[in-house]
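In this note's numbering, the protein residues as written are 21 to 406. All C-beta atoms in this analysis are idealised placements derived from N, C-alpha and C, irrespective of residue type, glycine included. What you are looking at is a predicted structure, and each value in this text was computed from that prediction instead of being measured.
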């Protein structure tokens, strides 16, 4: 019994010791595991720290590389800009040099031209001075000759400056200055076109063709200055004058002395009808106008009286250049009286519609016929300049 208990106690002790050893072993193993874990943790931490440091080092190196690359790029850009700037400066310097050479060359040429012009001007001035001196001498000679002519009663128009030897003086008084008078017949009228006797009737008016003729006359005279325009107040002449005088400042002056001859009962009749109805009067009007008498009046002789009145009104008007617009018969009388021709020469002069005649008058009132019945402007774009 006792033995059995001893054995049991021995087994228990052995078992207890084994358990204690096992426990110690387990504790030891557990400590080893923890120690290993701690070592792994330390190693891991060290590895992470090392990796982190390496990455930082790599990033730092990359940053340095980047900065270096940027610096290199900037340096290259600066080098490129510097190179381009140098090239541009060289080209500008070259251009500047070329322009300076051209400027100097131009300045030399200009200086040379200026000297040549100066010399040319001197030569021309000398020539002009010589001509002027010659003109002055000749002028004195001519003026003296003109004075001698005047004193000897000679005339530019074939008559004398003195009235006692004048061929014809319309004024019988000295005029304020020489005069120029342009006489113009009205444009084609309705009775001209129909072949009717017109006389002083106001029923005959300017036709479309007559208006065109008046416009041609205006163009032909556009370059000429007139101090005044005188016109017959009868419609066909008045309308022509209004067209001619468009754009001019002075008002038109209407003179009764510029009216056409009054032909009484013949007016308005067609020529063929007038000849049939009044053969005696019509034939005399055509063939012997100075002796033509109608209703106790001599129309042609009366025209000579009114023509002289018209000349006096025109010539004693202030100014030197005049335009006169009127009719065929009174124009014949104006032209004849200016040269002392009698009514018998009435049909020796003819004037077309739109025809121009020009007279010059010296201060003594003597007339010189410069142009008679000019009609070039009626068929061309001719413009008169005198």
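**OP:** Assuming residue 405 and residue 243 form a contact by the criterion Cβ under 8 Å, report the distance between their Cβ atoms to the nearest whole angstrom.
**Re:** The Cβ separation is near 5 Å, so the contact holds.
Original post:
Per DSSP, which one or two residues make a beta bridge with residue 216?
Top reply: For residue 216, which the question treats as bridged, DSSP gives the partners 290.
Subject >> Among 99, 247 and 276, the one whose alpha carbon lies nearest that of residue 347 >> reply: Checking every option, the nearest Cα to that of residue 347 belongs to 276.
Subject >> Assigned exposure category for residue 292 - 16 Cβ within 10 Å defines buried >> reply: Classification for residue 292: exposed.
Subject >> Residue from 87, 329, 199 and 340 with nearest C-alpha to residue 350 >> reply: Residue 329 is the option with its Cα nearest to residue 350.
Original post:
Who are the near neighbours of residue 259 in its chain, counting only those whose CB is closer than 6 Å to its CB and skipping five residues on each side?
Top reply: Listed in chain order, the non-local C-beta contacts of residue 259 below 6 Å within the same chain comprise 226, local neighbours out to five positions each way being set aside.
Original post:
Are the beta-carbon atoms of residue 395 and residue 375 separated by less than 8 Å?
Top reply: Cβ atoms of residue 395 and residue 375: closer than 8 Å.
Subject >> Stretch pair the stretch 186 to 201 + the stretch 357 to 377: three plus CB contacts closer than 8 Å >> reply: Counting Cβ pairs under 8 Å, three or more are found: they touch.
**OP:** Under 8 Å by Cβ, that's how I've got residue 279 and residue 209 pegged, so tell me the actual separation to the nearest angstrom.
**Re:** With 8 Å as the limit, residue 279 and residue 209 do not qualify as a contact, their Cβ atoms being about 14 Å apart.
Subject >> The beta strand (DSSP E) enclosing residue 392, as first and last residue numbers >> reply: For residue 392, the enclosing beta strand (DSSP E) starts and ends at 387 to 394.
**OP:** Starting from the C-beta of residue 261, find all residues in its chain whose C-beta is less than 7 Å away, skip the five residues before and the five after it, and write them out in chain order.
**Re:** For residue 261, where only same-chain residues beyond five positions count, the Cβ hits under 7 Å are 249, 251, 272 and 345.
Subject >> C-alpha gap between residue 155 and residue 383, whole angstroms >> reply: Those two C-alpha atoms are separated by around 26 Å.
**OP:** Enumerate in chain order the residues of its own chain whose CB-to-CB distance from residue 294 is below 6 Å, with the five nearest sequence positions on each side excluded.
**Re:** Here the set comprises 217, 286 and 302.
**OP:** State the Cα-Cα distance for the pair residue 213 and residue 332, rounded to the nearest angstrom.
**Re:** Across the structure, residue 213 and residue 332 are spaced so that their CA atoms are roughly 33 Å apart.
**OP:** Take the Cβ of residue 171 as the centre, count every other Cβ of all protein chains shown within 10 Å, and call the residue buried at 16 or more, exposed below.
**Re:** In this prediction, residue 171 has a pLDDT of 46, which is less than 50 and means its spatial position is unreliable; nothing more can be read from the coordinates.
Original post:
Should residue 185 go down as buried or exposed, given a rule of 16 or more other Cβ atoms within 10 Å for buried?
Top reply: At residue 185, the pLDDT of 45 sits below 50, so the modelled position is not reliable; the number obtained from the coordinates is stated separately. With fewer than 16 other CB atoms across the displayed protein chains lying within 10 angstroms of its CB, residue 185 is exposed.
**OP:** Return the Cβ separation of residue 309 and residue 326 in integer angstroms, given the expectation that the two are a contact with Cβ distance under 8 Å.
**Re:** With 8 Å as the limit, residue 309 and residue 326 do not qualify as a contact, their Cβ atoms being about 15 Å apart.
**OP:** With DSSP as the reference, label residue 116 as helix, strand or coil.
**Re:** Three-state DSSP puts residue 116 in a helix.
Original post:
DSSP on residue 185, reduced to helix/strand/coil?
Top reply: For residue 185, the pLDDT reaches just 45, beneath the cut-off of 50, and the residue's location in the model is therefore unreliable, although a value from the coordinates is still provided. Per DSSP, reduced to three states, the secondary structure at residue 185 is helical.
Original post:
Rounded to a whole number of angstroms, what is the C-alpha to C-alpha distance between residue 152 and residue 143?
Top reply: The straight-line gap from Cα to Cα measures roughly 14 Å.
Subject >> Separation of residue 283 from residue 324, as counted between CA atoms >> reply: Computed Cα separation, rounded: 15 Å.
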